[in-house]
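Numbering (the numbering used here), first residue to last: 20 to 267.
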């Protein structure tokens with residue numbers, strides 16, 4: 020374990036907390052691997068009925084770690100991230116997200132796979148893929164237009180226009196908006212409520228509502244191939260260099 024992912028079980032709820040606050044929970048390859056393992060282990064456990072994703076105060080997730088981005092650009096596809104995406108797409112247990120503060124890139128697109136999302140009033144969702152010379156991932160090019168409508172999805176995913184918590188709720192990405200100090204508690208309460216439901220009926224109803232997983236995986240695979248190619252492009256390299264220059 021790296022310490023950047025904290026996994027705890029609260030009764031029948033597994034809490035997967037991104038715990039790298041000094042980097043605003045930017046995800047490394049190791050963090051992806053740990054979350055994938057925690058999800059798959061939960062799927063095999065009769066004692067776990069619901070998953071809750073959480074972050075640190077002010078930062079749910081800042082997206083991918085830029086250093087790992089650059090490594091992926093040299094080595095090809097980010098298999099650790101792809102395995103995590105498959106795990107959330109195929110997860111058998113309901114997923115709740117406690118989103119406080121920023122949710123960038125995968126921090127936003129993973130919410131499309133969650134069954135219930137609680138956001139802080141100051142939360143900001145954004146997907147600056149195009150500005151980095153990349154395309155959206157996590158099957159968001161399929162799921163976001165279905166959930167939000169094409170116009171809203173294009174503005175978020177392609178134009179990179181951020182959504183406030185209230186705007187995300189209006190778009191159907193967020194269920195509840197609360198004060199930042201209440202996010203974890205309200206999300207955990209929702210997760211416990213879900214975990215207490217009859218599990219057989221819940222599993223069937225959720226499977227029917229989530230629909231064809233093959234189509235989701237096919238979209239993820241297509242996105243991943245294009246993403247890997249674009250990571251090596253001159254556009255992406257220039258965007259990364261500009262980003263790093265701004266960080267100095």
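A virtual CB, placed ideally from N, CA and C, is assigned to each residue, including glycine. The structure displayed is predicted, hence computed values, not measured ones.
Same chain, Cβ closer than 6 Å to residue i, five either side skipped, listed in chain order
i, result
"residue 51", "99, 100, 103"
"residue 36", "25, 73"
"residue 12", "Because the chain in this structure spans residues 20 to 267, residue 12 falls outside the shown range and cannot be described."
"residue 150", "179"
7 Å CB neighbourhood of residue i in its chain, flanking five on each side removed
i, result
"residue 209", "115, 135, 137"
"residue 43", "78, 81, 121"
Candidates the options, of which the one nearest residue i by Cα
i, options, result
"residue 141", "197, 125, 166", "197"
"residue 82", "89, 124, 182", "124"
"residue 107", "158, 246, 222", "158"
"residue 243", "59, 262, 172, 97", "97"
"residue 79", "49, 39, 63", "39"
"residue 250", "63, 202, 191, 153", "153"
"residue 214", "23, 22, 33", "33"
"residue 205", "143, 48, 118, 67", "118"
"residue 41", "65, 211, 76", "76"
For residue i, the first and last residue of its enclosing alpha helix (DSSP H)
i, result
"residue 28", "That residue, residue 28, is in no alpha helix (DSSP H); its beta strand (DSSP E) goes 24 to 29."
"residue 167", "159 to 167"
"residue 139", "No alpha helix (DSSP H) holds residue 139; the beta strand (DSSP E) holding it covers 135 to 139."
"residue 107", "98 to 109"
"residue 68", "Run containing residue 68: none; DSSP gives neither H nor E here."
"residue 239", "232 to 250"
Residue i classed as buried or exposed, judged by whether at least 16 other C-beta atoms fall within 10 angstroms
i, result
"residue 169", "exposed"
"residue 61", "buried"
"residue 217", "exposed"
"residue 237", "exposed"
"residue 139", "buried"
"residue 53", "buried"
"residue 171", "buried"
"residue 207", "buried"
First and last residue of the uninterrupted beta strand (DSSP E) at residue i
i, result
"residue 195", "195 to 197"
"residue 148", "Careful: residue 148 lies outside any beta strand (DSSP E) and carries neither H nor E."
"residue 114", "114 to 118"
Residues of its chain near residue i, where Cβ-Cβ distance is below 8 Å and the 5 sequence neighbours each way are ignored
i, result
"residue 245", "154"
"residue 239", "101, 104, 105, 108, 156, 157, 158"
CB contact below 8 Å: residue i versus chain C
i, result
"residue 234", "You won't find chain C in this structure, because it holds only one protein chain."
Per DSSP, the bridge partner or partners of residue i
i, result
"residue 36", "25, 73"
"residue 78", "75, 121"
"residue 83", "46"
Residue i beta carbon near the ligand HEM (any heavy atom closer than 7 Å)
i, result
"residue 112", "This structure lacks the ligand HEM; in fact it carries no ligand of any kind."
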